[in-house]
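From first to last, the protein sequence lines stand for chains Y and Z.
The first sequence begins at 1 in this note's numbering and counts up one residue at a time.
The second sequence begins at 1001 in this note's numbering and counts up one residue at a time.
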Amino acid sequence: MSFVSLALFASLIVYMVYFQINDSETLLNSPYNKRQEEAAQEIVRGSILADDGSTALARTDTAEDGTETRVYPYGSLFAQAVGYSVYGGSGLESSRNNDLIQSHSSIVSQMENDLNEQKKAGDNIVTTFNVALQQAAAAAMGDNAGAVIAMDVDTGSVLVDYSSPTYDPNTVEENWDTLTNSDNGIFLNRATQGLYPPGSTFKIVTALAYLRQNGSFDNFSYNCTGTYENAGFTIHCYNYEAHGQETFASAFANSCNCAFAYMSQNNIDKSTFRQTAEDFGLNQAIDTDLDVTTSTFTLDSDTPDQLTMQTAIGQGDTQVTPLQMCMIGQAVANNGVMLKPYFVKSVVTAEGRTIKTTETSTLRQVMDAGQAANLKEAMRGVVQSGTGTAIADLPYNIVGKTGTAEYNSAGDSHSWFVGFSNTGNNDIVVCAIVENGGDGTAPAINVVRQVFATYFGSGS
Amino acid sequence: MVKILVQISKYVLLLIMIFFTLETFMVLKRKSDEARRRIMRNQIWLMVLFNTVSYVVMYLQSEEPYMILMLICVIGYILVVQILYRIIYRKASLILLNTMCMILSVGLVMQSRLGIDNARKQFIIAAFATMICFIIPVFIRKVRWVSKLTWLYGIVGILLLGAVLALGRVTGGANLNLNIGGISFQFSEFVKISVVLYMAGMLQERTDFKQVVITTIVVAVHVGILALSADLGAALVYFVAYIVMVYVATRNPGYVALGLGGMAGACIVAYRRFEHVRVRVQVWKDPFSDYEGTGYQIIQALFGVCAGGWFGTGLFNGHPDMIPLAYEDFTFAAICEEFGIIFSICLILLCMGMYLLIVNIALRLDRPFYKLVAIGFGTEYAFQVFLTVGGTTKFIPMTGITLPLVSYGGSSLMCTIAMISIIQGLYIMRKDEDEELEEERRERIRRNRQLQRQPQNREQGFRPQQYRPEQPYRPEQQYRQQQYRPKEQSGQVRQDTGDLERKIEEQTKEDLALRNH
């Protein structure tokens, strides 16, 4: 009997050790755990740094009398991505709060602080954000609403995460009531959380579905008359333009709605289409440093033809975030390998010692390198001879896909562009959406153009 | 500067705890009396040091002068109890006493940390209970008929529990306390003692099937009333004590199987029948599913358990105030937070040591009634620790039971001290008997020698009075001798001494076996 009791005691002890090793980290980081806030009292909140590891995007200044102020030197530029720290916080200020209010400073400096009755210095976060690129994106967006996101093709690090309209996080507390009452979604990080119809940029997905099912683009041909009628529903090309006889490449370059609606009815199974979309990451939650809204793709075997035709050209019920479109571009650029986007490069102590580093991680192989090459070729056509020629003059082999996404019955549309440089070295992928941009795809192309120009350092 | 002291103090306190725990286990193994005595003295110093460091740190952190007062009181308590035991009950198990004082000290430090008012009350109750319980060992020696009151224990237990249930129904709530003259009594704690006495009384002589069935029915009534009062923790504790005691009395594993089967059945019925049981299981499975409601307590407790890491935050550096009922059901979480996981594991080990000491004593008792009482108390103690620690760390569903000697609660504290005093009484009695037996044996040898020399003086040799002046005067021993005298005069001497001889041999074997264990 006493052995049973001893076994019970032993199991308690084993469980406690297991609990401490296994579960405590999760519980400590739980958003419900108010001890975080208490811990913060003992620590000067760490800084949030740009990708160079020194430029502060957010820092805490301590005045002579000990009052602390959270300062955002770039004002509204990183408002949604970096966030604010009052009222529960937002952006990285909220999601990486736990890193900022912990101190991994050396024992010596901690003791020194204790002796001097000073607070300890919290750890700093080194983000992946590039100030110059973010500034270029913001300048190009101007007063337009929308979002710009840029990723490193080979690592998945996010260089630009800009959302407009924006606000000044330095004055969030003072302006809280005004800001929360505004109805333009000013706090929303449109790049990661804004859901939009993808418009013609989604033809990248449709194209891969076609490629998967038919092996190559070679056998496709279609004669575009400006409208395509099927199942009692009519799809028309932008401005009812008739593109005439087209190959797959020219249909893609021209962003020919009729051709893609036709292929959705004749060349692509619904199951293949859905599988392709989901492989590209739609309907898949992304667990990263910032909250990302999951993009949705609802097409299945019961979807009526009319909706399938619309879905093929990026209308219908499909809803994507700019980040999602950027990731699709990234997968094509990276020979079919989709990487997990991340916003924090590393966490370092106040003295600069690295505590943890984010490793590049693969989400999945969306397509093989051959298919990726085919898609790149098609996207190259868009810039060289199709709807994206406005960016063709940039000298670094830009490829991409334009989009104009109608978002209401009046025909108002958002302007999209997702594109990447194809130099083979340090390439980036940039995606921009300009809400109600008017003038077709031009506004978004212009924004992306500015980012590329800044990145490659040639001005525009 | 204070911060650094607190940081250093937490390692010091941890080291003290580790040493103390190791020493308790060393005594369980160590053979030489001298080594044991040295360890015992050592432990007293460790306790004094533990309390001094704790209260001084708490004073520095809180600047509450009461901390110093508490320190003086607690150290005074430890020293007085130790001295009194050494004077009055020289033969008591000092290691059991030390372990009790240490666990009590940890509890009082934590209570002082959480709220000085509760700590003060807790201390007064502890001191009061200890003083009252001082008479228990004497009582056990003098009053032999306690083992005859079987049905009184059973009836009193049922009446007390029934009263709580009835009044709880009347006032419309699961109120487990009864207020009498401004003092709140939790009867299920007192019944923990009476139910064990009842079972021991029932099973001391007869262990046939009928007897076991009658015992089972009465215990089932106890457990049933508790289940209806929603005091599931206590119900489980009684039930496990019942299974263990029946097994020890009958040595029949069939009863254990039946008992466990019955328990499983009862759990299923309780789960189906009672909403609050389902809620507790649900909360245990996924506390976050109802964070604001039913899961809140356990989640806060878990936050507390992991907040301090291995070494704890140090006293007054954590936030045990965020844990609901930190002074009662979730004291263990508060200890984990400020003293750390390693310290808490030591505390579990210390509780385990306490249990082993009780079992050790139980094994040396040969009267079934006393043996069963000790086993019953030991089981209740161990299982209570298991339920509360397991519940706080979400190892098992929370049963709402407190950690004996540590959690705040007068009834629980009083009853635990009473239980330990009873066990001390049994131990002292056993040692006295051993000594008497030893004495009888020596006497017989001398007598035999005398007989060989002067066979005509045979009758004289049986008079123990002749040898008495050689022994130091001890009241309880005199009592024992008075009791034995009539027997000797009644002419059954030969048979008695024969029995005694066998007993001595058996006991010596048993002792040897124990020590070699």
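Glycine included, every Cβ here is placed at the ideal spot set by N, Cα and C.
| Item | Value |
| --- | --- |
| Under 8 angstroms Cβ-Cβ, which residues of chain Z neighbour Y:Ile13? | Ile1345, Ile1348 and Leu1349 |
| Count the C-beta pairs between the stretch 1225-1237 of chain Z and the stretch 1399-1412 of chain Z that are closer than 8 angstroms, then say yes if the count reaches three, no if not. | yes |
| If the cut is a Cβ gap below 7 angstroms, which residues of chain Z does Y:Ser24 touch? | Cys1306 |
| With 8 angstroms set as the bound, which would you pick, yes or no: does the beta-carbon of Z:Ala1234 sit closer than that to a beta-carbon of chain Y? | no |
| Y:Val158 lies in the beta strand (DSSP E); which residues open and close that run? | Val158 to Ser164 |
| What's the C-alpha gap between Y:Gln104 and Y:Lys120? | Here residue 104 of chain Y is His; the residue named in the question, Gln, does not match the sequence. When rounded, the distance between both Cα atoms is 9 angstroms. |
| Indicate whether the contact test is met: 3 or more Cβ pairs, each with one atom in the stretch 1067-1075 of chain Z and one in the stretch 1103-1112 of chain Z, closer than 8 angstroms. | yes |
| In whole angstroms, give me the CA-to-CA distance for Y:Thr349 and Z:Lys1003. | 21 angstroms |
| Less than 8 angstroms separating the beta-carbons of Z:Cys1351 and Z:Thr1021? | no |
| Going by DSSP, which residues form a beta bridge with Y:Glu246? | Y:Tyr222 |
| Can a CB atom of chain Y be found closer than 8 angstroms to the CB of Z:Leu1022? | no |
| Could you tell me which residues DSSP pairs with Y:Met338 in its beta bridges? | Y:Arg364 |
| Looking only at DSSP bridge pairs, what is Y:Arg274 linked to? | Answer by DSSP bridge pairing: none, since Y:Arg274 is not bridged. |
| Can you name, in chain order, every residue of its own chain whose Cβ lies under 8 angstroms from the Cβ of Y:Val4, other than the five neighbours on each side? | none |
| Which chain Y residues sit within Cβ distance under 7 angstroms of Z:Phe1339? | Per Cβ cutoff of 7 angstroms: no residues; Z:Phe1339 is ~13 angstroms from chain Y at best. |
| Near Y:Gly146, what residues of its chain come up, given a Cβ to Cβ distance below 6 angstroms and the 5 sequence neighbours on each side ignored? | Ser164, Ile433, Val434 and Glu435 |
| Would you check if there are 3 or more beta carbon pairs closer than 8 angstroms linking the stretch 361-381 of chain Y to the stretch 305-314 of chain Y? | no |
| Starting from the beta carbon of Z:Met1047, find every residue of chain Y whose beta carbon is closer than 8 angstroms, and list them in chain order. | Within 8 angstroms Cβ-Cβ: nothing; Z:Met1047 doesn't reach chain Y, min ~22 angstroms. |
| Looking at chain Z, is there any beta carbon in it that lies within less than 8 angstroms of the beta carbon of Y:Ser491? | Because residue 491 of chain Y is not part of the residues shown, which for chain Y are 1 to 460, the question remains open. |
| With three or more beta-carbon pairs closer than 8 angstroms as the criterion, would you say the stretch 1150-1159 of chain Z touches the stretch 1102-1109 of chain Z? | no |
| Strictly under 8 angstroms for the Cβ-Cβ distance: is Z:Ile1004 near chain Y by that measure? | yes |
| Can you list, in chain order, the stretches of the beta strand (DSSP E) that have 3 or more residues and sit fully within the stretch 1103-1139 of chain Z? | none |
| Give me, in chain order, the residues of the same chain whose beta-carbon lies closer than 6 angstroms to that of Z:Ala1127; leave out the 5 immediate sequence neighbours on both sides. | Tyr1077 |
| Looking only at its own chain, which residues have a Cβ that is under 6 angstroms from the Cβ of Z:Lys1431, when we skip the five neighbours before and after it? | Lys1091 |
| Taking 8 angstroms as the CB-CB cut-off, is Y:Lys120 touching chain Z? | no |
| Residues of chain Y with CB closer than 9 angstroms to the CB of Z:Ile1299, please, in chain order. | Leu27, Ser30, Tyr32 and Asn33 |
| What residues from chain Z crowd round Y:Gln275, counting only those whose CB sits closer than 9 angstroms? | Under the 9 angstroms cutoff, chain Z gives no residues; its nearest Cβ is about 33 angstroms from Y:Gln275. |
| Within 10 angstroms of the Cβ of Y:Ala209, are there 16 or more other Cβ atoms? Answer buried if so, exposed if not. | buried |
| Please report whether the beta-carbon of Z:His1222 lies at a distance below 8 angstroms from any beta-carbon of chain Y. | no |
| Looking only at its chain, what residues have a beta carbon closer than 8 angstroms to the beta carbon of Y:Gly336, apart from the 5 residues adjacent to it on each side? | Gln365, Val366, Met367, Asp368, Ala369, Gln371 and Ala372 |
| Rounded to whole angstroms, how far is the Cβ of Y:Phe161 from the Cβ of Y:Val347, which I believe are closer than 8 angstroms? | According to the sequence shown, residue 161 of chain Y is Asp rather than Phe. Wrong, their Cβ atoms sit about 18 angstroms apart, outside the cutoff. |
| Quick check: the Cα distance between Y:Lys345 and Y:Ile186, rounded to an integer number of angstroms? | 26 angstroms |
| With DSSP as the reference, label Y:Asp152 as helix, strand or coil. | strand |
| Could you say if the stretch 126-135 of chain Y and the stretch 416-424 of chain Y meet the contact criterion of at least three C-beta pairs nearer than 8 angstroms? | no |
| Specify whether the stretch 1331-1350 of chain Z and the stretch 1306-1318 of chain Z touch according to this definition: at least 3 beta carbon pairs, one from each stretch, less than 8 angstroms apart. | yes |
| Mapping the DSSP letters down to three states, classify Y:Glu38 as helix, strand or coil. | helix |
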